[in-house]
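Below: the structure, in structure tokens.
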Amino acid sequence: MGLIIRILISAVAVIVASYLIPGVSVDGFGTALIVAIVLGLLNAFLKPILVFLTIPITIITLGLFYLVINVLMVYLTDYLIAGFHVSGFITALLFSILVSIVTWVIDSIVG
Numbered sequence: 000m001g002l003i004i005r006i007l008i009s010a011v012a013v014i015v016a017s018y019l020i021p022g023v024s025v026d027g028f029g030t031a032l033i034v035a036i037v038l039g040l041l042n043a044f045l046k047p048i049l050v051f052l053t054i055p056i057t058i059i060t061l062g063l064f065y066l067v068i069n070v071l072m073v074y075l076t077d078y079l080i081a082g083f084h085v086s087g088f089i090t091a092l093l094f095s096i097l098v099s100i101v102t103w104v105i106d107s108i109v110g
């Protein structure tokens with residue numbers, strides 16, 4: 000049951016981010032749900048590999064390259080999901096940060 004709640008929270012975060020950030024569009028809650036699932040799967044399986052492979056550059060940039068990896072995950076989700084679009088690097092960066100914050104806030108409230 001906890002996984003379903005986390006996915007729903009992430010979908011709400013995607014919808015909130017799409018309303019607040021110009022350049023992010025989501026066709027509806029169903030698409031946001033799919034975006035949340037795909038983003039979660041990419042973060043669970045692909046992101047750890049990318050983090051491992053980019054350890055040297057992440058260390059050199061004092062961890063800032065980790066944000067680039069987050070943006071890449073958003074871009075890949077944009078590529079995979081037809082009803083989801085992010086218009087640029089800064090937009091994807093803001094989207095990833097805002098989704099993280101909204102998810103954290105809702106998760107703290109829901110418990």
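Positions 0 to 110 (numbering that gives the first Met the number 0) are the ones given, in order, by the sequence shown. For every residue, glycine included, the Cβ atom is placed at its ideal position computed from N, Cα and C.
Ser9 carries a helical assignment under DSSP once its states are collapsed to helix, strand and coil. Assignment of Ser86 by DSSP, reduced to helix, strand and coil, places it in the coil class. Per the Cβ contact rule, the stretch 35–50 is not in contact with the stretch 15–25 (fewer than 3 Cβ pairs under 8 Å).
For Gly29, the enclosing alpha helix (DSSP H) stretches over residues Phe28 to Phe44. In the DSSP annotation of this structure, the continuous segment of the alpha helix (DSSP H) that includes Pro55 starts and ends at Ile54 to Ile59. For Ser86, the CB contacts under 6 Å within the same chain, skipping 5 residues up- and downstream, are Gly22 in chain order. In its chain, beyond the 5 residues on either side, Val50 and Thr57 have a beta carbon closer than 8 Å to the beta carbon of Tyr65.
Scanning its chain for C-beta atoms nearer than 8 Å, with the 5 sequence neighbours on each side dropped, one finds around Gly27 the residues Gly82, in chain order.
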